[in-house]
Structures are given as C-alpha cells and as structure tokens.
Amino acid sequence: MHPPRRSSRRSQLLLVVLLVLSLLAGLGMRQPSPPDEPRFVLAARTMVETGQWLLPHRGSELYAEKPPVFMWMQAAAYKLVGDWNIAFLLPSLLAALLTLWLTWDLSRRLWNRRIARFAVLALFVCLQFGLMAKRAQIDMVLVAMTTLSLWGLLRHLLRGPDWRALAIGAFAAGVGTVTKGVGFLPLLVLLPWLGWRWRRSAHPEVALPGRDWRWSLLLPCFIAGTAVWLLPLGIALLHSADPTLHSYAHELLFKQTGTRYAAAWHHRQPAWYYLQVIATLWLPGSLLLPWLLPAWWRRCKRLDPRYVLLLGWSLLVLLFFTFSPGKREVYIFPMLPALAVAAAPLLAGLLRRRGVQWVLLLYVAVLSLATLALGLDALAGDGWAQRNAARRAIDAAVLPQIGGWLIAFGLAAAALVAVLRLRRAGLAVVLATVLLWALYGLGLMPALDPYSSASAVMDKVQRRIGPDAQLGMVAWREQNLLQATPRARDFGFKRPLSAQWHDAIAWATADPAHRWLFVLDQALVPCVDPAQVIDIGTANRNRWLLLPGSALRAGCEAHLPDTGEDDGD
195 MHPPRRSSRR SQLLLVVLLV LSLLAGLGMR QPSPPDEPRF VLAARTMVET GQWLLPHRGS
255 ELYAEKPPVF MWMQAAAYKL VGDWNIAFLL PSLLAALLTL WLTWDLSRRL WNRRIARFAV
315 LALFVCLQFG LMAKRAQIDM VLVAMTTLSL WGLLRHLLRG PDWRALAIGA FAAGVGTVTK
375 GVGFLPLLVL LPWLGWRWRR SAHPEVALPG RDWRWSLLLP CFIAGTAVWL LPLGIALLHS
435 ADPTLHSYAH ELLFKQTGTR YAAAWHHRQP AWYYLQVIAT LWLPGSLLLP WLLPAWWRRC
495 KRLDPRYVLL LGWSLLVLLF FTFSPGKREV YIFPMLPALA VAAAPLLAGL LRRRGVQWVL
555 LLYVAVLSLA TLALGLDALA GDGWAQRNAA RRAIDAAVLP QIGGWLIAFG LAAAALVAVL
615 RLRRAGLAVV LATVLLWALY GLGLMPALDP YSSASAVMDK VQRRIGPDAQ LGMVAWREQN
675 LLQATPRARD FGFKRPLSAQ WHDAIAWATA DPAHRWLFVL DQALVPCVDP AQVIDIGTAN
735 RNRWLLLPGS ALRAGCEAHL PDTGEDDGD
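At position 169 of the sequence shown (counting the first as 1) the number is 363 in this note's numbering, and the numbers step up by one without a gap.
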C-alpha cells in the first residue's frame, strides 16, 4: 500500500496476480455450507434439472424469500463449467473481481492511477470483502451491481455529462433491485448531489435536472433493469390463475421487501449495531477512521463534490439500514467500495505517519499471534479447539491439519512484521491479507467441509440404508436435502410439522421395508418405536435421527404435533 513513485509495471502486475490468486484459492475444494449457500444451490440445481427458471424451489416448495437472479447466475455457471462445487462460488468471485475493477476505474477517473491502486488495495484488505468474495451469498453480487450503478452515476454527475454512463448506472440499480430488494440505493446519490448543487450553483460541466430531456431516461432505464425478472414474472401472473404463483409473488414483492424492512420479524438489533460491524468486519480499514474522519470532514466543508457525493451517499445508506429494526452485518456492505474510493487519496499521506504505521503493523502482529495461539490449541490434547469441535461433531483427527495451517499462517505473518517493519506496514497488511484468504480457501474450509456442509452425516445415512433404499425427510435443513444421495423425498419445508408427518407416514408405511425417514430429533413424534430409532449423528449443531418405515406404529397419526411454521431462516 506504499509503493514507490516509479514502481514498475511488473511489480504492479505481480500484486494484482497475488490478489486474484488469493480470492481464487480453494475454488472447487468445498461444498455449499449454511446458512444461505445450500438453499441457493438447491434452487439453482432444480432450475437446471427441470428447465423451470422463473420460480426458484426449495425442495418441493416455492422459495419466495429472494428473487431468482442470483440462482440464475449459479445455474448458468453450472451450465458453463459442469461442476457444482465450482459453479456455486463463481458468481461471487466474478462479482468481487468486477467490484475491484470498478473501484479502480472510478478512482482513476476521479483522481489518478496511483490513487486508484490505493483504492483497490484498501478495499481488498477489509475483512468483509474477502469473506463475501469467498461465500456464495447474494450480497457480493449486490455490491457489484451497486458499485456499477455508482460508477455510472458518478461519472455523469462529477465528470459528465455522460448520458450513457447515467443509463448504465440506472439500469444496474434496477438489476440490483431484483437481485436483492435494496439495489435501488445508488440512486440516493442524487440527494447529496442536489445539495451540493444548491450550495454551488455555478458548475458548467454538469447539467442540472430539467435542463436536458435525457434526464427523463433515468426512470425508464431503472425500470428496464428490474424487467430482467419482473417482466417474465408479470407475464406469468397474467396468464396463470394458480393461487400458489400469486401467493409467491405477493410474499416476495411485499412481505420480503417492505414488511421485512419496516417491521422485521428476525435479526432485530439495536441502533448502534452497525458501529460494531464497522469496528470488526471492516478491519483493518476501521483502524484508520480516527485519521480519515477529520480529513473527510475538512474536504466536505470545502465542498469538494467527490467527497460530498461518496460520503453523503454512504451516510444515507447507513441511516437507511439503521432505521430498520432488522439488521445484518451484510446490509451495509455496499458502502465499503465507496468509502475505499473516498479514502484512497489520503492513504499515501497517512501511511507516512508513524501512528498509522504502528497501528497497521500491530494489526498484522495481533493476527499472527491469534492464529498461532489457535493453531497450538488445535494441536494440544484438551483445549478450546477440542471442546468446540466436540460440540459441532467435528472429528478430532481434523484438528492437527487445521492447527498446522494456522501455525503456518501465523509464522508467515510474523515474518512479514519482522521483514517489512514500520516503513512498509501497508505492504505487510496487503500480503498478510493475501495469505489469510489463501489459508481460508486452501486449508480451513476444505478441512471443515464434511462437517459444515453436512456431507459427513449424509454419507453415514447412505451407508446405513444401502443403495436400494429410499429416503424421506421431516424437519430437514437445506444442506441435508442437497447432500442426500440418492435424492431424498421431502414433504415441505415451511409446512407445519403435522402436515409433514402426515405425508411422511403415508409414504414410509406404503413400503416399510425400503423406505426410511431422516428426522430432526426435536421433531420426533412419540408414537415411533424407540427401539428402532437410529441416532445417525450431529451436523450444524442439530441432532439427526434415522427411522425405518417399520418404526412407525399403527395409528401414529393420532399423535402428530400441532405446530406452526418454520420460517426456514
């Protein structure tokens, strides 16, 4: 992060290669793991197998919590590469690389190439960026759409007029909205721009709203972006009287958007929750806020439009999500690229300050010591790692492998501290982050994969019931259905347990010699013969039972539970 003024193209290219390789590390070496990855892959796999791409399914039920755009991307990636272990992560990876490029290009246009390099590195080293780049969640794709929209809007507002860029920005905001409901947020950048225009009335480079008819294209371009999904959905609704389809559209367009924001029924957090997220998941960038905040304030007071728009928009996004009672750490993730662009012009000066150098070098040192301590604990006979592994049903034989990876990273990070020292603390942070994501992708996630993905317990199920048996599931989780081989039969996911049991009993007792039920222990009904219940194992902190069809007693339906819905979240 502190390159010499005349750095060679070769060193710059090497750094780019290291960044890309660290994000690629581990691709194809693990399977989907909860909470979100298995449900998206289930829906994408169903799209590929059935050819029904409009409506995503979770098992036998429609999945109405999220639009299908992200699942389309995963299904298309599978069509391209033919391997789900690669395909399910490709959209996030490509979105991360696109976000880095957009951050670089926007910074280059607003300032220069040297500052653009700082912006890319500042974004890359923040922990949340790497985590989302290596997870198959919608949020990395949403951030790519948000950054693309800001890229187009800011090109027009700050370096315009550029009507093509404005159209791209509005269209990307529309696509982002049908990717995840908050994709419209980049359009809020018009508010600080109008405020700045009110304070600075003379600015001949940029056209005011209403002075050019092409401003009227903003809304149509946004609507065109949303039509990527809303148009085929609308056509389907017009040509179908199926109440299931109409119920799906109502839940997704209303309950999962407006109701979820205004009256969230889960993930409720206090107003200060996002301060905690910034202080932890945005490390090490958040460590520089004591220097950045005063510098940003001075530039906003001078009415530098670049800072007014980037920081004003980020503040609006923070307030938007703070006002909602439901909060998750990923909600404010779209702010991060904009803040990296705003921080980039200041980093060269900050990295020459002794205090900043100490803070960044101590960050790498603490990271080194923490991983060394965890690695040594994993190798110890009876420590925290062993107790935690036992709670999660992780084989203790895996811990030495994990411990070895952690110790190797800790020693490498310590070497960076010793070799680069204060003067090149910024470079130490970048290289430590490269090593961290290589460790995560090549070491930790593959070692933990059989347990986090539930493939270990589902392999036990397959061995126990044999190749000719059939498996049904009650009170299941997405990873269990995804990992079941051969494919399992489900009886609904959000249906009441009584309804699931009713259908499961009828199915299993129709051929008790060949049919089995895979059941969450807490959902077991009392009329099952306890002598035939098999404790098949624990996965994702849930205990699972296996029942042969013969374990269901006559008249079992009289003892079915009367429970409400499981929201599946």
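Think of the CB as a built atom: it goes at the ideal place given N, C-alpha and C, for glycine as much as any other residue. From a predicted model like this one, the values you see are computed outputs, not experimental measurements.
Buried or exposed (CB count within 10 angstroms, at least 16 for buried), L444: The sequence shown places His at residue 444, rather than the Leu named in the question. It is exposed - the Cβ of H444 has fewer than 16 other Cβ atoms within 10 Å.
Simplified DSSP state of D761, which is helix, strand or coil: Low local confidence applies: a pLDDT of 43 at D761 is under 50, so the model's placement there is unreliable, with the coordinate-based value given in what follows. In this structure, D761 counts as coil in the three-state DSSP scheme.
Buried or exposed (CB count within 10 angstroms, at least 16 for buried), K521: Counting other Cβ atoms within 10 Å of its Cβ, K521 reaches 16 or more and is therefore classed as buried.
Where F712 sits in the DSSP three-state scheme: The answer is strand: DSSP assigns F712 an E or B state.
Closest Cα partner of L632 within the set G253, I728, K328: A small correction: the amino acid at residue 632 is Ala; Leu does not occupy that position in the sequence shown. Checked all of G253, I728, K328; the closest Cα to A632 is K328.
Contact set for V210: own chain, Cβ-Cβ below 8 angstroms, skip 5 residues either direction: Residues of the same chain with their beta carbon placed closer than 8 angstroms to that of V210 are lacking, with the five preceding and five following residues left out of the count.
G758, buried or exposed, once every other Cβ within 10 Å from all chains shown has been counted against 16: In this prediction, G758 has a pLDDT of 44, which is less than 50 and means its spatial position is unreliable; nothing more can be read from the coordinates.
Nearest neighbour of A606, chosen from R618, L629, L621 [CA to CA]: By alpha-carbon distance to A606, the top candidate from R618, L629, L621 is L629.
Pair within 9 angstroms by beta-carbon distance, G370 and G419: In this structure, G370 lies near G419, with their beta-carbon atoms less than 9 angstroms apart.
Extent of the continuous beta strand (DSSP E) to which A733 belongs: DSSP places A733 in the uninterrupted beta strand (DSSP E) bounded by 728-733.
Residue interval of the alpha helix (DSSP H) (run including V623): Per DSSP, V623 is one residue of the alpha helix (DSSP H) stretching across 619-633.
Segment contact flag, the stretch 635-651 with the stretch 215-234, C-beta cutoff 8 angstroms, min 3 pairs: Here the stretch 635-651 makes contact with the stretch 215-234; the two share three or more CB pairs at distances below 8 angstroms.
Cβ-based burial, D277 [other Cβ within 10 Å; buried from 16]: D277 is exposed by the Cβ-count criterion.
Bridge partner(s) assigned by DSSP for N736: Beta-bridge pairing links N736 to A733.
Alpha carbon of G635 to alpha carbon of Q677, nearest angstrom: About 21 angstroms.
Own chain partners of Q656 with C-beta closer than 7 angstroms, once the 5 adjacent residues on each side are dropped: Spatial neighbours of Q656 in its own chain (CB-CB distance under 7 angstroms, excluding positions within 5 residues in sequence) are listed in chain order as T679.
In chain order, each alpha helix (DSSP H) run of at least 4 residues that lies wholly inside the stretch 324-351: The stretch 324-351 is shown to contain no whole alpha helix (DSSP H) run of 4 or more residues.
Buried or exposed (CB count within 10 angstroms, at least 16 for buried), K374: The residue in question, K374, is buried, as its Cβ has 16 or more Cβ neighbours within 10 Å.
Start-to-end residues for the beta strand (DSSP E) that takes in G479: G479 -> no beta strand (DSSP E), and no H or E assigned at all.
Counted within 10 angstroms of its Cβ, other Cβ atoms place R203 as buried (16 or more) or exposed: By the Cβ-count criterion, R203 is exposed, with fewer than 16 other Cβ atoms from all chains shown falling within 10 Å of its own Cβ.
Beta strand (DSSP E) runs contained entirely in the stretch 621-698, provided each spans 3 or more residues: Along the stretch 621-698, the beta strand (DSSP E) occurs as fully enclosed runs of 3 or more residues at 664-668, listed in sequence order.
Collapsed DSSP secondary structure at L207 in the structure displayed: Note: L207 maps to helix in three-state DSSP.
Cut-off 6 angstroms between Cβ atoms - residues of its own chain near A559, not counting five sequence neighbours on either side: Residues V611 of the same chain have their beta carbon placed closer than 6 angstroms to that of A559, with the five preceding and five following residues left out of the count.
Chain-order list of residues whose beta-carbon lies under 6 angstroms from that of T565 (same chain, five-residue window excluded): Excluding sequence neighbours, T565 sits near L600, F603, G604.
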